[in-house]
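Encoded as structure tokens, the structure appears first; notes follow it.
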Amino acid sequence: MSRTYRIAPSLLAADFARLGEEVRAVVAGGADWLHFDVMDNHYVPNLTFGPMVCQALRKHCTVPIDVHLMVQPVDALATAFAKAGADLISFHPDASTHVDRTLQLIRGEGCQAGLVFNPAAPLDVLEWVIDKVDLVLVMSVNPGFGGQSFIDSALRKVERARRLIEASGRDIRLEVDGGIKVDNIRRVADAGADTFVAGSAIFGQPDYKGVIDAMRRALA
Ligand code: DX5
Ligand code: ZN
-18 MSRTYRIAPS LLAADFARLG EEVRAVVAGG ADWLHFDVMD NHYVPNLTFG
32 PMVCQALRKH CTVPIDVHLM VQPVDALATA FAKAGADLIS FHPDASTHVD
82 RTLQLIRGEG CQAGLVFNPA APLDVLEWVI DKVDLVLVMS VNPGFGGQSF
132 IDSALRKVER ARRLIEASGR DIRLEVDGGI KVDNIRRVAD AGADTFVAGS
182 AIFGQPDYKG VIDAMRRALA
């Protein structure tokens, strides 16, 4: 199955004093999605931005906003982000008391729904809700911070997730998040990923288009 690759720069690594400019610049540089890392200092030991920031950035962002909720509980914030303009909303199944209901809530708001799997988390829950999932996000770092090193065991999980997605026959995107660089993105694609989050590999570099183009060349 031919997969179109997507590059999703993570706003976590952007200059928080210039977020509007940063969003416009990375979209101009060729970003396919904007990855929006929401942290609540409860599910993860860090605190980032909420629905109001998403709403403010929505008019600066002409590509889908891929919201990654690292929050607990999930439902109220999922609804708020849907109303703030999110296109996709992913959450960690261990952060929701009722995963199936949260997936339905996200889709009910008109957004695509995703599940996020931490490095030590099994994919088992997918067996029971794969018909309600539009995106599987495999973490290749422990959630909470950018700039960490890629955890190699994520490659095996990507392979397994790819097999589950193929077996389902459904059009589900397989995204990998954490420690993605120009020099490892090909290995992650070969394992079966089609969507790649990159924070510190892109933001903080002088030329966003140069890095994104280099990633696409590595994927070609
Ligand atoms: C970590 C976030 C990742 C992170 C990626 O909790 O979910 O999206 O920002 O940053 P890099 O690409 O620097 O590892
Ligand atoms: Zn993320």
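Residues in the sequence shown are numbered consecutively from -18, following this note's numbering. Beta carbons: idealized from backbone N, C-alpha and C, even for Gly.
Residue environment, residue i, which counts as buried when at least 16 other CB atoms sit within 10 Å
i, result
"Asp152", "exposed"
"Asp105", "exposed"
"Arg143", "buried"
"Trp14", "buried"
"Arg154", "buried"
"Ser134", "exposed"
"Pro(-10)", "buried"
Alpha carbon of residue i to alpha carbon of residue j, nearest angstrom
i, j, result
"Tyr24", "Lys64", "22 angstroms"
"Gly185", "Asp21", "24 angstroms"
"Asn123", "Glu147", "26 angstroms"
"Ala195", "Val80", "37 angstroms"
"Val202", "Arg(-13)", "Because the chain spans -18 through 201 in this model, residue 202 falls outside it and cannot be assessed."
"Gly10", "Pro26", "31 angstroms"
"Asp188", "Asp(-4)", "14 angstroms"
"Asp112", "Thr29", "31 angstroms"
"Arg137", "Ser121", "11 angstroms"
Reference residue i; option with closest CA among the options
i, options, result
"Asp158", "Pro100, Glu2, Gly66", "Pro100"
"Arg5", "Arg198, Asn27, Gln129, Arg39", "Arg39"
"Val48", "Phe131, Phe17, Gly91", "Phe17"
"Val110", "Gly31, Gly89, Thr83", "Thr83"
"Leu200", "Pro74, Gly191, Asp175", "Asp175"
"Glu156", "Gln93, Asp171, Leu118", "Leu118"
>> With three or more C-beta pairs closer than 8 angstroms as the rule, is the region 179 to 192 touching the region 66 to 74?
In response: no
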